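>
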């Protein structure tokens, strides 16, 4: 039952990708979560639907859309390839983009939950005392919403660790380059390597259990 070098590489890649994805997602997630939780504006329902759409769509559909957009003949990928000679598909960058798109709704949902729990009376009182909107956000809204934000970040990170469909579509399954833990399990199943599958499934389950437990501990407290 000894873990192999290839499995360690896949695990490290998964952690790196999930961490980078969280870093990339967090600033826009914080902005979108604040808008949806604290502001009313035309198109709010449409924005919320668009943000949450990856939770409902099959991941392979999201991956296919990304493949079209990011390929060197696509709208985004074509621009990057022609201007910077940068090809995104089947690269580690594509893995980060794929897992970010899929896990973004979970991060935003946690942020919304946290910010909606902050009493509006406290924010309004601070404004009447002369606090600017930015100061209200940093000194009242953000600290009081921190548990929900942290919970959303953990769930987003965990989803990034286990994402499969979109990653396979846009980044492929290249060992040492784009092969994450989920793709390693898929590869081992195809080869009939049952012991490897059991080992990787156990590791993935432990990581998922810890993430959900931490989220519950943080958000319920």
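Numbering (the working numbering), first residue to last: 197 to 417.
Where a beta carbon is used, it is the ideal one built from N, C-alpha and C, also for glycine.
It should be emphasised that the depicted structure is a prediction, and the values quoted were computed from it without experimental measurement.
1. Touch check for the segment 296-303 and the segment 354-373: three-plus C-beta pairs under 8 angstroms?
2. Compute the Euclidean distance between the alpha carbons of residue 203 and residue 380, then round it to the nearest angstrom.
3. For a quick check, are the C-beta atoms of residue 361 and residue 255 less than 8 angstroms apart?
4. DSSP state of residue 274, grouped into three classes?
5. Residue 338 to residue 206, Cα distance in whole Å?
6. I want to see whether chain C comes within less than 8 angstroms of residue 295, judged by CB atoms only; does it?
7. Could you check if residue 392 is buried or exposed, using at least 16 other CB atoms within 10 Å of its CB as the buried criterion?
8. From what residue to what residue does the alpha helix (DSSP H) around residue 354 run?
9. Is residue 284 closer than 8 angstroms to residue 266 when the C-beta atoms are compared?
10. According to DSSP, is residue 370 helix, strand or coil?
11. Specify whether the segment 313-327 and the segment 242-261 touch according to this definition: at least 3 beta carbon pairs, one from each stretch, less than 8 angstroms apart.
12. Residue 376 and residue 209 - do their beta-carbons sit closer together than 8 angstroms?
13. Give the single residue among 293, 212, 349, 292 whose Cα lies nearest to the Cα of residue 308.
On the basis of the data shown:
1. yes
2. Translated into positions along the chain shown, residue 203 becomes position 7. Translated into positions along the chain shown, residue 380 becomes position 184. About 7 angstroms.
3. In the chain shown, the residue the question calls residue 361 occupies position 165. In the chain shown, the residue the question calls residue 255 occupies position 59. Yes, these two residues count as a Cβ contact at 8 angstroms.
4. Here residue 274 is taken as the residue at index 78 of the chain shown, counted from 1. Looking at residue 274 - three-state DSSP - the assignment turns out to be helix.
5. Looking up residue 338 in the chain shown gives position 142. Looking up residue 206 in the chain shown gives position 10. Spanning the two alpha carbons is a distance of roughly 35 angstroms.
6. In the structure shown, chain C cannot be found, because there is only a single protein chain.
7. Along the chain shown, one-based indexing puts residue 392 at 196. Buried, since its Cβ has 16 or more Cβ neighbours within 10 Å.
8. Locating residue 354 in the chain shown gives position 158, counting from the first residue. From DSSP, the alpha helix (DSSP H) with residue 354 extends over 342-358.
9. As a working mapping, residue 266 is identified with position 70 in the chain shown. As a working mapping, residue 284 is identified with position 88 in the chain shown. Yes, they are a contact pair.
10. Mapped onto the chain shown, residue 370 falls at position 174. Reduced to three states, the DSSP call for residue 370 is coil.
11. no
12. Your numbering for residue 209 matches position 13 in the chain shown. Your numbering for residue 376 matches position 180 in the chain shown. Result yes, Cβ atoms of residue 209 and residue 376 sit closer than 8 angstroms.
13. Counted from its first residue, the chain shown places residue 308 at position 112. Taking only the C-alpha atoms, the option nearest residue 308 is 349.
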